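One structure is given below, encoded as structure tokens.
In our numbering, the protein residues as written are 103 to 387.
Laid out in structure tokens, this is it:
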């Protein structure tokens, strides 16, 4: 019997209703659902409750109810488990999601029939060094690692190296190291290119650089990025998918490379990346 774990963002207005309907549909089709304590409390199903820490050993795949931010958070949390994720959008944009609340029945049938494909999405791993010591490590991102200022009206300077070779120095609001998945997120807003998720590369995108010549770079996924930072007011942060952050100091060194594992996203065979791109980002039919 297929066992499906539900991960729910309870801050979304539709969360409780959609979760309850989804459990009913899963069980109607002969599969089993597992939910964490918070979801069990809200939908009244203690009989199928399981701590999230035990999902990896007891479920076959995960349905994520929320928006893009919800998927990013759970992708980082469960990446090491190798469990596939299906995003069900009850948020705003839902660019990473594959299903909508009105498609629950069809989505469950597709998954149980094996009528889907898996996209292995590149992830990043970062660490921060200070005074020759590693102070932060195992910082995992699906979208991007950002090195940014933390105060309006100031600038941060980033010296960029790729595989220990000096590339350039950027002074402005910061620098992004992104995955192809993240190319349609923060990097896109900074003028970075859109990259197909089917190729493994890393993007380096300056944020509002105070220069006439700085341009985004695309490098091989197997290369390592090193960034040395300085800031006039020492108010800088390292951002992980825009959700987690670490305080940076002058002369900190940030190293970014591809992670040892990838996020497995469930995708429908009849839906193409470029169709989603056009529909979600350009408001086209």
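Ideal placement from N, C-alpha and C gives every residue a C-beta, glycine not left out.
Since this is a predicted model, take the numbers as computed values, not measurements.
Taking the alpha carbon of residue i as the point to measure from, which residue in the options has its own alpha carbon closest?
{"i": "residue 236", "options": "242, 228, 243", "result": "228"}
{"i": "residue 139", "options": "133, 151, 130", "result": "151"}
{"i": "residue 360", "options": "302, 332, 367, 313", "result": "302"}
{"i": "residue 189", "options": "120, 294, 376, 104", "result": "120"}
{"i": "residue 326", "options": "264, 129, 178, 165", "result": "264"}
{"i": "residue 308", "options": "257, 226, 220", "result": "257"}
{"i": "residue 130", "options": "211, 271, 261, 278", "result": "211"}
{"i": "residue 283", "options": "154, 346, 347, 221", "result": "221"}
{"i": "residue 270", "options": "157, 358, 349, 313", "result": "313"}
{"i": "residue 208", "options": "382, 376, 370", "result": "370"}
Could you give the first and the last residue of the continuous beta strand (DSSP E) run that contains residue i?
{"i": "residue 365", "result": "365-369"}
{"i": "residue 280", "result": "276-280"}
{"i": "residue 288", "result": "Looking at the DSSP string, residue 288 is not in any beta strand (DSSP E); the run it does join, the alpha helix (DSSP H), is 288-291."}
{"i": "residue 164", "result": "163-168"}
{"i": "residue 231", "result": "226-232"}
{"i": "residue 243", "result": "235-243"}
Around the C-beta of residue i, are 16 or more other C-beta atoms found within 10 angstroms, so that it is buried, or is it exposed?
{"i": "residue 113", "result": "exposed"}
{"i": "residue 275", "result": "buried"}
{"i": "residue 246", "result": "buried"}
{"i": "residue 48", "result": "The structure shown does not extend to residue 48, since the chain is modelled only from 103 through 387, so no value can be given for it."}
{"i": "residue 299", "result": "buried"}
{"i": "residue 217", "result": "exposed"}
{"i": "residue 132", "result": "exposed"}
Between residue i and residue j, how many whole angstroms is the CB-CB distance? I'm expecting something under 8 Å.
{"i": "residue 187", "j": "residue 367", "result": "6 Å"}
{"i": "residue 141", "j": "residue 226", "result": "Going by Cβ atoms, the distance from residue 141 to residue 226 rounds to 29 Å, so no, they are not a contact pair."}
{"i": "residue 105", "j": "residue 149", "result": "With 8 Å as the limit, residue 105 and residue 149 do not qualify as a contact, their Cβ atoms being about 14 Å apart."}
Which two residues bound the contiguous alpha helix (DSSP H) that contains residue i?
{"i": "residue 145", "result": "139-145"}
{"i": "residue 379", "result": "375-383"}
Any 3 or more C-beta pairs closer than 8 Å across the segment 281-299 and the segment 346-358: no
Stretch-stretch touch, CB-based, cutoff 8 Å, three pairs: the segment 190-197 with the segment 330-348: no
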